[in-house]
Every structure is written in structure tokens, then in C-alpha cells.
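Comments concern the structure below.
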Amino acid sequence: MSSIGAWNNFKKSWRHQAAMQFATLSVLIGSFTVVSISALVHQNMERMLTHWGQEVKVTVYLQDAIQDSEKNKIHKYLSSNKMFEKVHLLTKKEAAEKFKKRVGQYLPGLLSDLDFDNPIPASFEMVVNGGLSSSSKFDKLYDLVKEIKVLSGVDEVSYGQGWVENYASVLKVFSTASIVFIIVLMSGTLFVIGNSIRNSILQRREEVEVMELCGATRGMIIWPFIFEGMVTATMAAGISLLMTYFVFAWQANLIATDLSFWNLTAKFEYLSIARCALIIFIGAAIGGMGSLIWGRQISSGWAAAEANSHYEK
2 MSSIGAWNNF KKSWRHQAAM QFATLSVLIG SFTVVSISAL VHQNMERMLT
52 HWGQEVKVTV YLQDAIQDSE KNKIHKYLSS NKMFEKVHLL TKKEAAEKFK
102 KRVGQYLPGL LSDLDFDNPI PASFEMVVNG GLSSSSKFDK LYDLVKEIKV
152 LSGVDEVSYG QGWVENYASV LKVFSTASIV FIIVLMSGTL FVIGNSIRNS
202 ILQRREEVEV MELCGATRGM IIWPFIFEGM VTATMAAGIS LLMTYFVFAW
252 QANLIATDLS FWNLTAKFEY LSIARCALII FIGAAIGGMG SLIWGRQISS
302 GWAAAEANSH YEK
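Numbers in this note's numbering are just positions in the sequence shown, counted from 1, shifted up by 1.
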């Protein structure tokens, strides 16, 4: 059957089963809206990690008794690593002057007459190349920091690990929970689509019987129902993206007015074209799969057998 015939078949289902089709479409819209919002939240959480990650600096504190050869070896190791850029050595004297300058802004004169043994260690300061653009890059940084800590002459490594680790952990947990939830939700969506197609098949059982008796191939018989499921799910996915956009616009406006001091509005974006296309594709695929699962019984003499059973009664 051609696509035109399948489209006519789709319109016939809406004419004869408007309530069922509308209920199915509504449930699918709700399901795909949840998926779209989850994808939107995940995308913007990664954007925030990227934004904040641009300001992440790594400081490698050196031991007081470090040898020049060890210091040069550490500097060479850090400079050759693509994870870092702008590797800068801060000597003990420079670190002390920097400390005095900062403290002097709040307590002028406190350290001017104070003669003390400088307790501040020398250090290497680096900027993460490209920032922490994703949680996977944080994992690489975490592993690299563990390697740096065991180098001879290194006392401690600091990179603001408190908030970075917490935020990355939240992002990982959210990603895992979203994937599990979406899988469960899509499994239910398969059942919803399948039930709708099953009703459509029963509604047109006589048509299927005639096609079976006329020797129509399995593909010719089942294609209109697969097409119906794909179109219905694709429509639901498209409408869900539109609804998600309205939710995004509302929330972005709320953040711009009530949380303007955080300057977060410019960091938020609606779903990328690639993610929108992926959601549409998933919708079409699930619609086709749900229809195929319930339509497999067709073209095996099912309709004729049902009719004979009915007549025997």
C-alpha cells in the first residue's frame, strides 16, 4: 500500500476512533514532554558546568624542601599535559607578597612591621584548557590530579574540588536517573501505542480479512498501521517540544526577573537542533515499533480465523 493509502487510513482512524486517538495522543504528548524537559535540564546543567568550569584553576603546592631538579620535572610534566594552559610558577616570596597585598586591603599595616618566617609554599598555578566542558572532562581532571599528587616534591593539589565534585556528582546522578526513567517511560509508551493500533486493527478487521483473502503481502497489510503509529508518535513528540519551549521561555523569564543577580539567563539555551531531531526520531521509532509488535499477528490468517470463529458461534 502506498503512503497516500496509509495516510488515508490514518485519517480514517481519527474519524472513526476520535476519542481513542485523542487519548493516545494526549498520553504520548505527556510522556515526550517529560523526556524533552529532562533533556533540556541536562543540557543546561552541562552548560552551567562549562561556564563555571572556565574559571577552574589548579594549584600545585610544592614542599619546602623540594630540589630544583624535582621542580623542573614537575614544571615539564604540567607544561606537556594538554589538560592545562598558562602554567605559572609562584615562588615563596611572590606568594608571601601576594598574601600581604590581599590581607592589606582589609587590615592595612598589620603585616608591615611583622617579621616572620614565610610559611606560604611555592606553587604552580594552571588554568584548565577549555574549562570543564563536561562531567567526563572532570573525571579526567580528577584522575590527573591523583597522578600529580604522587610526584616527588608535591605537597598538595587544589582545584576547588568541593563544589566541582558535588556539582559533577549531581549531574551524573541526574543523568543516570533520567536514562532509567526515560527507558521505563518509553516502555509504557510502546504499550500505549500498541493498544491504540490494536483497536485500529480490530476496527478494520473485515478490511484486513479481505486483503488476506486477496493474497496481499504482509508488508502491504501491516504498513498502514505502522505508518499510523509513527505519525501519531511523531506528532506527539513535535507538540511536546513546542510545550517544552513554552515552559523554557517562562522559566527563563522568571530567572531573568527574580534571579538576575546570578546572571544565569545568558547561560540557558533551548534544546539544540540535534537533540530536537533525536527526540522526533525516537518518537517515530517507538511509534513504528509499538505498531509492529501488535501488528505481527496480521497476514497469518488472523482476520479470517477470527471471522470463522465468530461465525461458528
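Don't be surprised by glycine CBs; every beta carbon is placed ideally from N, CA and C.
All of these numbers come straight from a predicted model, not from anything done at the bench.
Under 8 angstroms Cβ to Cβ from residue i, same chain only, skipping five residues before and after it: list those, please.
| i | result |
| --- | --- |
| L79 | V61, F85, V88, F125, M127, I149 |
| I283 | V36, M187, A238 |
| S201 | S14, Q18, F226, E229 |
| Q22 | S14, W15, S197, T233 |
Using three-state DSSP, classify residue i as helix, strand or coil.
| i | result |
| --- | --- |
| E270 | coil |
| S153 | coil |
| Y78 | helix |
| K94 | helix |
| M84 | coil |
| T218 | coil |
| V61 | strand |
| H17 | helix |
Measuring alpha carbon to alpha carbon, tell me which residue in the options is nearest residue i.
| i | options | result |
| --- | --- | --- |
| Q174 | S27, A20, H43 | The residue you asked about is not Gln; residue 174 is Val in the sequence shown. Nearest C-alpha to V174: H43. |
| H1 | L90, I67, Q68 | In the structure as shown, the chain starts at 2 and stops at 314, and residue 1 therefore has no counterpart that could be examined. |
| K93 | K83, K102, I121 | I121 |
| L152 | R205, L214, M244, Q68 | Q68 |
| R48 | I223, Y271, N254, K83 | Y271 |
| F100 | A40, S81, K83, A123 | A123 |
| G131 | W8, T218, F11, K83 | K83 |
| L41 | V171, F23, T245, K147 | T245 |
| G189 | L255, G216, G31, R16 | G31 |
| V57 | A96, F11, L142 | L142 |
| Y160 | V146, E95, V171 | V146 |
| C277 | T235, N254, I294 | T235 |
| V59 | L203, F11, V129 | V129 |
| F11 | C215, Q204, I294 | Q204 |
Thinking residue i and residue j are a contact (beta carbons under 8 angstroms), I'd like their distance in whole angstroms, please.
| i | j | result |
| --- | --- | --- |
| L191 | I287 | 6 angstroms |
| S292 | G220 | With a Cβ gap of about 13 angstroms, S292 and G220 do not count as contacting. |
| L29 | V193 | 6 angstroms |
| G296 | I198 | 6 angstroms |
| T233 | T25 | 6 angstroms |
| S179 | S273 | Not confirmed; about 17 angstroms, so no contact. |
| F269 | A253 | 6 angstroms |
So, at 7 angstroms on beta carbons, what are the nonlocal neighbours of residue i in its own chain, with the 5 sequence-adjacent residues on each side left out?
| i | result |
| --- | --- |
| K72 | L63, G154 |
| F249 | L41, Y271 |
| T34 | S241, M244, T245 |
| W8 | none |
| D156 | Y62, L63, Q64, P122 |
| F247 | none |
Near residue i, which residues of its chain fall below 6 angstroms by C-beta distance, leaving aside the five closest residues on each side in sequence?
| i | result |
| --- | --- |
| V158 | V61, V146, I149, K150 |
| M46 | L172 |
| G195 | G291, I294, W295 |
| M212 | I222 |
| I183 | V36 |
| A20 | none |
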